[in-house]
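> Structure provided below as structure tokens; questions to follow.
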Amino acid sequence: TETYGGSPLSLLREFRLKRAEELLTYTDMPIKSITGRLGYRSRSHFWKLFKDAHGVDPEQYRQQAGTRTPP
Numbered sequence: 432t433e434t435y436g437g438s439p440l441s442l443l444r445e446f447r448l449k450r451a452e453e454l455l456t457y458t459d460m461p462i463k464s465i466t467g468r469l470g471y472r473s474r475s476h477f478w479k480l481f482k483d484a485h486g487v488d489p490e491q492y493r494q495q496a497g498t499r500t501p502p
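In terms of the numbering used here, the sequence shown has 476 at position 45, counting the first letter as 1, and numbering is strictly consecutive.
As structure tokens, this is what we get:
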């Protein structure tokens, strides 16, 4: 079923990547911990999905964003 404009799997992926953005930006949590916390069993799979979505890997994203205070 295509509720809300996407399949359940694509919505879950979108949610996880959005949460990864937040954790990378607003925490100093290790990327390995973020990967597990978001339910990814494979670090390399998470990195590929993140890089495909953002054009940079999670480590580069964090460096570009810098650690900020949550809004």
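Cβ atoms here follow ideal geometry from the backbone N, Cα and C, with glycine treated the same way. Quick caveat, the model's predicted, so the values are computed rather than measured.
Under a three-way DSSP split, which group does residue 458 fall into?
Note: residue 458 maps to coil in three-state DSSP.
> Could you tell me whether the Cβ atoms of residue 447 and residue 469 are closer together than 7 Å?
Yes, these two residues count as a Cβ contact at 7 Å.
> Is residue 477 near the ligand ATP, going by C-beta to nearest heavy atom under 6 Å?
The model depicted lacks the ligand ATP and carries no ligand whatsoever.
> Measuring straight from C-alpha to C-alpha, what distance separates residue 433 and residue 440?
At residue 433, the pLDDT of 45 sits below 50, so the modelled position is not reliable and the matter cannot be decided from this model.
> Return the chain-ordered list of same chain residues with a C-beta closer than 8 Å to the C-beta of residue 450, the five sequence neighbours on each side being excluded.
Hits under 8 Å: 469.
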